[in-house]
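As numbered in mature numbering (1 follows the signal peptide of the UniProt record, and there is no 0), residues -26 to -1, 1 to 92 make up the sequence shown, in order.
Input: a single structure, listed below in structure tokens.
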Amino acid sequence: MATFGQCCFLIVWTIFLTTFFAKTQAYLPCDPGWLKTPNGLNCVKIFDNPTKSWYDARRACKSTGGDLVTIRDKGKSKFIKEKFVYNNNNPIWIGLCRLGVTIWRWLDEDLKVSDISG
């Protein structure tokens, strides 16, 4: 089984605008330029650089204290689509990695991947 360092099959959701990530700040206000998710637990920010690789996007996120966003439920999926979609069809990177033909893993190493198409 591949590790994240060896992850070479990456998912791109072409319906989203660009690269963004989540930074956990439980019920604290978000920094300027960030948006609070509906559950109040995360802040998300968009980075408009669609030419970055998945690894470069993740490195940029981590350098500011966050990580690529994980989308665990239809509520967060809907929020992201409403905030970041419909401007254009540039791809974005999310925190989901393909480790094998049928094996996907979130960056927090959870193997459970649900239908979040909401």
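Every residue, glycine too, gets a C-beta built ideally from N, C-alpha and C.
Here's the rule I'm using: 16 or more other beta-carbon atoms within 10 Å means buried, otherwise exposed. How should residue 74 be labelled?
Within the sequence shown, numbered from 1, the residue matching residue 74 stands at position 100. Classification of residue 74: exposed, given that the 10 Å Cβ count is below 16.
Helix, strand or coil: how does DSSP classify residue 82 here?
Counted from its first residue, the sequence shown places residue 82 at position 108. Looking at residue 82 - three-state DSSP - the assignment turns out to be coil, as it is neither helix nor strand.
Could you check the C-alpha separation between residue 82 and residue 5 for me, to the nearest Å?
The residue labelled residue 82 in the question sits at position 108 within the sequence shown. The residue labelled residue 5 in the question sits at position 31 within the sequence shown. Their Cα atoms are separated by approximately 23 Å.
Give the DSSP-derived three-state secondary structure of residue 74 in the structure shown.
Translated into positions along the sequence shown, residue 74 becomes position 100. For residue 74, the secondary structure class from DSSP, reduced to helix, strand or coil, is coil.
For residue 17 and residue 36, what's the separation of their Cα atoms in angstroms?
Within the sequence shown, numbered from 1, the residue matching residue 17 stands at position 43. Within the sequence shown, numbered from 1, the residue matching residue 36 stands at position 62. Rounded to the nearest angstrom, the two C-alpha atoms are 14 Å apart.
Which of the three DSSP states, helix, strand or coil, is assigned to residue 14?
Mapped onto the sequence shown, residue 14 falls at position 40. Residue 14 falls in the coil class under three-state DSSP.
Which residue's Cα is closest to the Cα of residue 29: 78, 79, 14 and 67?
Start at 1 with the first residue of the sequence shown, and residue 29 comes out as number 55. Put simply, of 78, 79, 14 and 67 the residue whose alpha carbon is nearest the alpha carbon of residue 29 is 67.
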